[in-house]
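Read the structure below first, then the notes.
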Amino acid sequence: LILINGTISYVEPTFINQPALLVNQITLPPYSQTLVDITCRIYNDKDLIFEPQPNHLSNCILIPHTLLNIRNHEAKVLMINPNRKNICDRCNEYFLSGNDLQIHLRTECYSNQIRKHIVESTKHIDNEKHRLAVQGILWRNKILFDPTPSIINIPPQTAIKTGDHPPIYSKQYSSSYEDQEIKVQKIQKLLERGQIEESTSPWPSSIVLVKKKDKTMIFCIDYRRLNAIIIKNTFPLPRIEEIFDQLSDAAYYTKFDFKSGYFQVPLSKEDWAKTAFSTRDNHYQFIVLPQGISNGPATFQRLINHILGPAGNTH
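For what it's worth, my numbering labels the leading residue of the sequence shown as 9, then goes sequentially.
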């Protein structure tokens, strides 16, 4: 900005220290530049400059300063491998061949969660030769096994219409010190995944810890008072009898389960405040579809039907 008197006004930029992580494990081929997806805790922003850490330069991975367009916590940056060797993007180690790199990734740098999932998924195959062959296919398609939570890139969904009803306030339930610590841990994970944020909402609901059969605790929100005033979504849900009828002539069956399916669905911003909940020390709200909302099943089913289209009735 140049003022009339010829002086130039300088505005000190605001620095935000937010780590950026790769969405998927990648391999940087020799003499290549690769546009990669990154994720961060910032939801949406178009005016941020990404600044790489100096250690990438020392490992001969070049990442230029980039003006980011962040949408749903994700953006793209350019990574350059100016060397003639393959590089592991996790530990920055060099390898002479892509095969050596793949062996290294399988044994060293791939997520233990992916490795465990592949082993568990194939342990029922008694023939060792067949089991190793199937594991090889799974390793070659390891990008399909996503160990990180994500929010799908769709328009935010409206699920909590309450008309002109005033905010409903629910007090916290009393809990032990041990339960308070569990709540803190669960909330920290939700914050790290970008699924909740701090709130000043007048719609707080109470946290409930439910014990599973294996004695671990499930973090739940008691939305019963909120559900009582929500305008019901009447979108039709599948009937189990009709599903069994569709399968009557089938010879092979495949089951797909969503990984934290509700938490992959972005929630409409006007609904965020109504999902609020409180701890002993702070106040939060969901930015994804929370579990326990009465319109959750209908909202999720509408989305699934839209994604599958006509194939949903035949496969």
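Cβ coordinates follow ideal geometry from the N, Cα and C atoms, glycine included.
For clarity, every value in this text was computed on a predicted model and none was experimentally measured.
In this structure, Thr-307 keeps its C-beta atom at 8 Å or more from the C-beta atom of Leu-316. For Lys-194, the enclosing alpha helix (DSSP H) stretches over residues 185-200. Counting along the chain, the unbroken beta strand (DSSP E) around His-291 starts and ends at 291-294. Taking each of Ser-183, Lys-277, Ile-122 and Ile-215 in turn and checking the Cα distance to Trp-147, the smallest one comes out for Ile-122. Ile-57 sits close to Leu-75, with the two beta carbons spaced by under 8 Å. With three or more CB-CB distances shorter than 8 Å, the segment 285-299 counts as touching the segment 196-213. Between the C-alpha atoms of Lys-169 and Arg-233 there is a straight-line separation of about 14 Å. Between the alpha carbons of Gln-143 and Ser-129 lies a gap of roughly 9 Å.
Val-216 and Asp-230 have their C-alpha atoms some 6 Å from each other.
Judged by beta-carbon spacing, Asn-52 lies beyond the 8 Å limit of Ile-159, meaning their Cβ atoms are not closer than that value.
Distance between Gln-61 and Gly-202, taken at the CA atoms: about 22 Å.
If you check the CB distance, Ser-213 and Ser-178 come in under 8 Å.
The secondary-structure analysis by DSSP pairs Pro-274 across a beta bridge with Val-296. For Asn-149, the closest of Lys-267, Asn-303 and Asn-32 by C-alpha to C-alpha distance is Asn-32. At least 8 Å separates the beta-carbon of Leu-29 from that of Thr-42. Under DSSP, no beta-bridge partner is assigned to Ala-236. Checking the DSSP bridge columns, you'll see Leu-75 partnered with Ile-57.
A Cβ-Cβ distance of about 7 Å is found for the pair Thr-287 and Ile-195, placing them in contact under the 8 Å criterion. Beta-bridge partners assigned by DSSP to Gln-41: Ile-88. For Asp-253, the enclosing alpha helix (DSSP H) covers residues 248-254. DSSP places Lys-219 inside the beta strand (DSSP E), whose first and last residues are 214-219.
Residue pairing by DSSP places Gln-165 opposite Leu-275 in a beta bridge. Counting C-beta atoms within 10 angstroms of its own C-beta, Gly-171 has fewer than 16 neighbours from the protein chains shown and is therefore classed as exposed.
For Phe-243, there is no enclosing beta strand (DSSP E), as DSSP gives it neither H nor E. Rounded to the nearest whole angstrom, the CA to CA distance from His-125 to Lys-263 is 16 Å.
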